[in-house]
Structures are given as structure tokens and as C-alpha cells.
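First to last, the sequence lines map onto chains A and B.
All residue numbers for the first sequence refer to this note's numbering, where the first residue is 3 and numbers rise by one.
All residue numbers for the second sequence refer to this note's numbering, where the first residue is 3 and numbers rise by one.
Cβ coordinates follow ideal geometry from the N, Cα and C atoms, glycine included.
The structure displayed is predicted, hence computed values, not measured ones.
Number of protein chains: 2
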Amino acid sequence: MDIDILKVSERLKLDESDIKKAFERKIISFDEYDNKKYLLFKKKLRHIERGTVLFLNNNMDIVMGYPKIRRAMMLYPTLKNYFIDKIVVEEKLDGYNVRIAKIDNGVVAITRGGRICPFTTKKALRFLNTNILDDFPDLMLCGEMIGLNNPYVPHYYPEVDNVLIEKKDKNNKIIENLGFYIFDVRHRETNKPLSITEKDEILEKYGLPYVKPIGVFDKENVEHIKKIILKLNEEKREGIVLKDPDMLINPIKYTTHYTQCNDLSVAFRYVYDLGIDFMFSRLVREGYQSFEFNEDEKEMGERAKNIGKSILYPMVDTIKNISKGEFITEDFEIYLDSEEDLNEFLAYLKKLHIAYTIKEKQKLENGMHKVKIGRMYNSTNDKIKSHLDGNLW
Amino acid sequence: MDIDILKVSERLKLDESDIKKAFERKIISFDEYDNKKYLLFKKKLRHIERGTVLFLNNNMDIVMGYPKIRRAMMLYPTLKNYFIDKIVVEEKLDGYNVRIAKIDNGVVAITRGGRICPFTTKKALRFLNTNILDDFPDLMLCGEMIGLNNPYVPHYYPEVDNVLIEKKDKNNKIIENLGFYIFDVRHRETNKPLSITEKDEILEKYGLPYVKPIGVFDKENVEHIKKIILKLNEEKREGIVLKDPDMLINPIKYTTHYTQCNDLSVAFRYVYDLGIDFMFSRLVREGYQSFEFNEDEKEMGERAKNIGKSILYPMVDTIKNISKGEFITEDFEIYLDSEEDLNEFLAYLKKLHIAYTIKEKQKLENGMHKVKIGRMYNSTNDKIKSHLDGNLW
């Protein structure tokens, strides 16, 4: 692959020597999708965000990486210190972050890490009217792909049930749970966001699905924001993103007890594969939240029990399953339009070094394919098997 | 410090080049206590255990490091695979590991890490009749210093209350909770242990305190060992050490639910200072134990609640205390014979780069000093303060 380092350097305003080092140290990779060749940044390098994509086309189009959203551990006094006056509160959805852009007349969906995902690209094209990108080709639509039927973060959302096949017996209809909600519209080369009003107006105009604001609050009004968190927690939703109305300040996030526990249960199901830093951070958040919400003995007891169960139950469940001789996997059920789409997606997983196994495959009467993919967690299977066989720690 | 590398090499059967590298890479340190100069191994190097001490005296006396005791995650089938036929079960005490040896007519108490600890040396001399080391100078007494009044692992054991000062009003008497129990007698140069019978006989003969066997079991009799674990758990004791009667095989250990939770609560009290690996390993043990003990829903719920509380409560407690402006410390109350002993011990902590503060100091009517030392956990204090002040993650 011949890459003109000088041109890349001018385009990204990065020193040539930095780019050369980044190639050597493998934080810039080359990839290609549908005849679009591109470079992607696997880590943040100087001012270039992780996940930034530079297309090797005539324009050398850039899609900047989605910036890291920092977290408030305490609502008070963080919001008061951090924001200017008003805060727009939007719901944070639990799926995966996607940027959608139009490059050389083709729409692509780029993951957080900077890959054009074939599954996501095709679904996005089905869910979204992309006229907006014809009119404003320098914009990107940043949003969350959510629902049970995706290959990354399967999490059921009642609002994204799509009926794929109607049946006489209603209980038998085939439903895909998948949807896309835009939360930011940004200039793809600079990452400059539209203000909340501009964003909502343009998305309304083009009829695009977006995360609706929960409300606009004075930054001092932490009590109201706490109430929102409690309500979202009751409804088993992930949390909130807090934004400046003009997007002059980077958004920050805050999550519910439910989400912390849900994350823990995934982590302890695949106990030796998911990072222990991941587990630790969830536990620490629970400490600050319990403190900030001024919990009484009963509320703390309830929170503690939920934490303990989220840790113990999935772990014991995994040990039990492995003791019965099962090989445990994390399963994703997705719907694809054709055999070709399936093969393309499996090749994509392979390229990303994701170990998987096909657990079920079914051709539906409308020609679509329903596939259950099992992601393999080898450390968890191997280590637990070893201990069950009587090997010492 | 002039050290004869050739002599060290011959004495330890280590290549000279290994020793030189070990000095350069600082895994061998030099230290001195009471005119005894010594080298200590901070990590295991080839066949030399971590914590091994080589005295720079005429004999170049060696006290080998106490070998690492591995852990059974599952009692079955680990015990069956690991042992020959019989298993001696001894209680595992929750204190700190000490080796006691006589070098150049002086008795020293060496910590796991390979330091002669002045506090421990003096207490050991008071608790133990060391005639045994006059008669067998090549033996070392390996044991656990336990009780509330030690500067490392303060944990109350009812059996080690020593009355220091009697008072008319019984409730006012001054009691030191501290004791030493021997669990192994080994040749200090080779680490070769006496068999259980030899050990118990010689310790009885010299009237020395030792960990009494709970029983001798067939290695297939896991059910009985499980019952012991449940009983120890009820009594809030740490766990067991399993040994071959002839000590032909290295001992292994297994701990109670109580201990896992107790460890977790210490770890989450000093949440940003105690390693997250430490926390993770305790959680994983709980998973295997719940599975192996075949717990029903009620027992699992109880275990989960205990785990959750051990995590949440101390963490919230720490956050609360820091929010009130406190600087949190881990406090140890110890009794020392004199001001000189106190100063010597404080100099020792300083040498080990342990940050501490003196919280209370009191001279008792018998001339002893009661001192409360607070170990400072700076990361925990700084990070929590930072989040409480509204800084982002």
C-alpha cells in the first residue's frame, strides 16, 4: 500500500514524523470497504481522536473520531463547576456508537474504533433517509445503534421492535429489535457540533430519529436531575448525557444503578475475559451514587444485594455450565438480507480477530437470514475448566 | 557496601552474573538490624524464594524465604489429585507470616518480604522460649503473628488476650491482643520441613505455641473438609492449610466466605490504594465456593448480599468521612516497651517507605507506650476528594 505521508500530514495537520511513527507502532491501520480505502486511528494521536478515519480518495475525506465523553462521579458539584448556566439532559442509550457519513456518494457507518461495519452500514441505510448528507455532505450523524439484534451490545429496547414477517398467529411473527437514534450532528472534518436547537431542527426537517431531550435545567438544579436518574433506573435504562445548549462544552455522562449492575453481570459471566478495570470502575460508581443519593440503611442494603447478585449469579452460572461440559459463548442473534451479507460480516469479524462460532442459521420465508453468532471467550472457558479439573491457582 | 559476589554465589548456588543483574535491577537489597548486616531477595530469583535473607556474617547464614502456598479453587477434585493419601488439616490464621531464627547468638523475626522487623523480633522474644534454636540452630520457626495489636494485619483473636496491666475495675485493665503460633519447623538453609509428627513433638517438648491440627483425613473425604470450612466460617475464622503428613508435598490453602468478605471490605475502604487484582481474586473465589457448596437460592442470596455489603458499605463510609474533611487512615494500635523501641519501629516504617502518622501516644503506668499509628492511603484520599470537588473521571 503506497500512502503519501506528506499529503496525510497536511490534511490532518500532523507532523510527518509522527505519522511515520504511528504507522510503525501500529496505531494507524489500513482498511477497505466497498472499494473505499481508508486509514484509521486506533488510539488518540495528538489532536486526532481515536477512531478517526481518513479516506484515501481524491478529497482525502476525513471523518473525525467521536470524542470521549467524560463521566461525572458526583452530580453535585460537578455540574455546577462544569457547565455555564443551562444543561440539556438527554437519555443515554445502551448500544454502540456509530458515525454516519457520505463519502464519494456512498453512505458508510463507522464504529467508535474507526471501522466501516458492513452490518451497521446496511442497517443504517434501511433505517435512515440520508438525503441530509446529500445536502450537507460535510456533516456526520453521530448516534447509537440499539436493540437486541445487533452483534455488539444486545440489549432489548421496546421502542425498536420492527416486524420483519407478519403471521396470522401474532405470537409467531418475526420481529427484529434494532434501531438507530442520532444524538449529535457534527462537521465530520472538525468535529464541531451543531447546537442542540440546530440539531433538533435539522433532524426534524429530514425526518430522522433522534434522542429527544428529557429537559433543560439550570445547572444548580441537581435535585431534578437526580429524580430523572431514579426514574430511568426504575425503567432499567442506562443513564443520561448532559450537554451545553450551544455545545460549547463537551457533554458529560452519568449512569444508573441498573446499568452498573447490568455491566457487572456481563463482566462476571465472562469473568476471565472482561477486564478487571471494567469491573472495578462500575463498583466505584456505585459508591459515589449511594453516597450522593444519601441512601438510608434499607436503600443501601438493596443496592448492596443487587451488586452482590450481579457479581455472584452470572459467575456461578458460568461455572455450572462449564462443569456440565458446555463451552460458553456470548450470543448475538442478527437478521441479514442475504447469504452474501452474512459472509461479508463474518469476514469482517475475522479481520477484527473476534473469535466466534455460528450457533444457528435459518433462512426465513422472506429470503432473510437469521443467524445466532456465539462470541467465544477462551480465557473464561479455559481457566474455569482448569480449576474444575483441580488445578491450583 | 562491599559484597563478595563470588562468596554469595557459592553460598546460594546462583551464577555470579545473575547476582550482579539482581543487584542492578534492585531485587536484592541490603539492610541491617542490631549490627547484623544482610542481603534480602525482594522477588523469587531462580531457586531462591522471595524473602530469603543472607547474613553477611562469618558463616554467611541463610534463612530461606517462606515458600508460596498455592490455593485450591475447588476442594474436589483438587485434593484428590494433589495429595498422596492422607491430608493433615490445620487452621489458617489471619495475621502475618514470620520466620524466627537464631543468627550469631541473636534471635531475629523475619517478615515474609525478608526484613528483620524490630517490633516482631521483640514480641517474639517475649512470647517464645527460644531454647529450641540453641539446640537446633539450623532450624527456623515459621509461624503467624496474630491479634489486634500488631502494625500489619490487625484482626482480633479471642485466644491471644494478654493482660498488660491489671486494674481493680476489671473493665479498665490494659489488654494486648497479640500472639504467635508456629505452623512449620524448617531447616532454614534448605527450607526442608519437619514432618507434622516431628514438628508437633518438638514444639510440645519445648513448650512452644503451635497451630493444632484440626484432623487427619483421607484425601477423598472432601465432605468432611467442607464441614470444617462451614464451621470456621460461622466462627469468622480465615480458613485452612492442607498438608501432607510427611510434608513431602507443599501445603495448599483454602479460605472461608467470611475471609473473602473481610478482605473485600478492607480493600474497598482504601479503594484506590489496594490493588484491583486483590479485589478480583476474592470475588472469583466466592464464585467457585458457592458452586462447590451447591448452594440453594437462599444461601446464594445471603452470600451475594454479604459480598455486596463488603464492597459498598466501607466504600461509602470512606467517601462520607472524606466529605467531612477527614483524612482517612488505616489505624493500628500497638504496645511498645519504651520510647526507644517506638522510635526504632517508626524508623523501620520510614525505611520501608510506608507513609504513616502518629494518631495517639500514651505512656502507661508500667512504662510501656501505647501508640496508634495511622497508615496513610494517599490515592484514596486524593481521588475521592477530587471527585467530591466535582472533577470528572
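Cβ neighbour criterion (16 or more within 10 Å) applied to residue i
i                      : result
residue 285 of chain B : buried
residue 48 of chain B  : exposed
residue 298 of chain B : exposed
residue 334 of chain A : buried
residue 322 of chain B : exposed
residue 110 of chain A : buried
residue 214 of chain A : exposed
residue 10 of chain A  : buried
residue 399 of chain A : Any question about residue 399 of chain A goes unanswered here, given that chain A covers just 3 to 395.
residue 99 of chain A  : buried
residue 53 of chain A  : buried
residue 389 of chain A : buried
residue 239 of chain A : buried
residue 272 of chain A : buried
residue 17 of chain B  : exposed
residue 158 of chain A : exposed
residue 355 of chain A : exposed
residue 288 of chain A : buried
residue 152 of chain A : buried
residue 349 of chain A : exposed
residue 270 of chain B : buried
residue 186 of chain B : buried
residue 199 of chain B : exposed
Cβ-Cβ separation, residue j to residue i (assumed contact under 8 Å), whole Å
i                      : j                      : result
residue 292 of chain A : residue 281 of chain A : That pair is no contact at about 17 Å.
residue 320 of chain A : residue 382 of chain A : 7 Å
residue 147 of chain A : residue 67 of chain A  : Their Cβ separation, rounded to whole angstroms, is 17 Å, which puts residue 147 of chain A and residue 67 of chain A out of contact at 8 Å.
residue 230 of chain A : residue 278 of chain B : Going by Cβ atoms, the distance from residue 230 of chain A to residue 278 of chain B rounds to 31 Å, so no, they are not a contact pair.
residue 79 of chain B  : residue 392 of chain A : 4 Å
residue 232 of chain B : residue 74 of chain A  : Contact doesn't hold; Cβ gap of about 44 Å is too wide.
residue 126 of chain A : residue 85 of chain A  : 32 Å between Cβ atoms; not a contact.
residue 105 of chain A : residue 142 of chain A : No, residue 105 of chain A and residue 142 of chain A are not in contact; Cβ-Cβ is about 10 Å, not under 8 Å.
residue 219 of chain A : residue 91 of chain A  : 6 Å
residue 366 of chain A : residue 167 of chain A : 6 Å
residue 131 of chain B : residue 210 of chain B : 7 Å
residue 82 of chain B  : residue 221 of chain B : 6 Å
residue 64 of chain B  : residue 191 of chain B : 5 Å
residue 309 of chain A : residue 266 of chain B : Not a contact, Cβ separation roughly 11 Å.
residue 406 of chain A : residue 156 of chain A : Outside the displayed span of chain A (3 to 395) sits residue 406 of chain A, for which this structure offers no information.
Amino acids of chain B, ordered along the chain, whose beta-carbon sits closer than 9 Å to that of residue i
i                      : result
residue 273 of chain A : 282, 285, 286, 289
residue 249 of chain A : Neighbours of residue 249 of chain A on chain B: none; closest Cβ ~17 Å, over 9 Å.
Beta-bridge partners of residue i, as assigned by DSSP
i                      : result
residue 189 of chain B : B:141
residue 111 of chain B : B:102
residue 219 of chain A : A:89
residue 34 of chain A  : A:39
residue 358 of chain A : A:377
residue 72 of chain B  : B:254
residue 328 of chain B : Paired residue(s): none; residue 328 of chain B is not in a bridge.
residue 146 of chain A : A:99, A:183
residue 335 of chain B : B:374
residue 166 of chain A : In the DSSP output, where bridge partners are listed per residue, residue 166 of chain A has none listed.
residue 10 of chain B  : DSSP lists no partner for residue 10 of chain B.
residue 212 of chain A : A:184
residue 55 of chain B  : B:42, B:65
residue 157 of chain A : A:149
Partners in chain B for residue i, counting only beta-carbon separations shorter than 7 Å
i                      : result
residue 322 of chain A : 293
Neighbour list for residue i in chain A, Cβ cutoff strictly below 9 Å
i                      : result
residue 2 of chain B   : Outside the shown range of chain B (3 to 395) lies residue 2 of chain B, about which nothing can therefore be said.
residue 142 of chain B : What residue 142 of chain B touches in chain A: nothing, since even the nearest Cβ is about 25 Å away.
residue 302 of chain B : 311, 314, 315, 318
Contacts of residue i in chain A (Cβ-Cβ under 7 Å)
i                     : result
residue 74 of chain B : 394
Residues, ordered as in the chain, of the stretch 306-317 of chain B that lie near chain A by beta-carbon distance below 8 Å: 306, 307, 308, 309, 310, 311, 313, 314, 315, 317
For the stretch 79-91 of chain B, list every residue whose C-beta sits within 9 Å of some C-beta in chain A, in sequence order. 79, 80, 81, 82, 83, 84
The stretch 47-61 of chain A: which residues have C-beta closer than 7 Å to a C-beta of chain B, in chain order? none
At a Cβ cut of 8 Å, what residues of the stretch 377-392 of chain A count as close to chain B, listed as they run along the chain? 389, 390, 391, 392
Using a beta-carbon distance cut-off of less than 8 Å, what residues from the stretch 253-270 of chain B approach chain A? 254, 270
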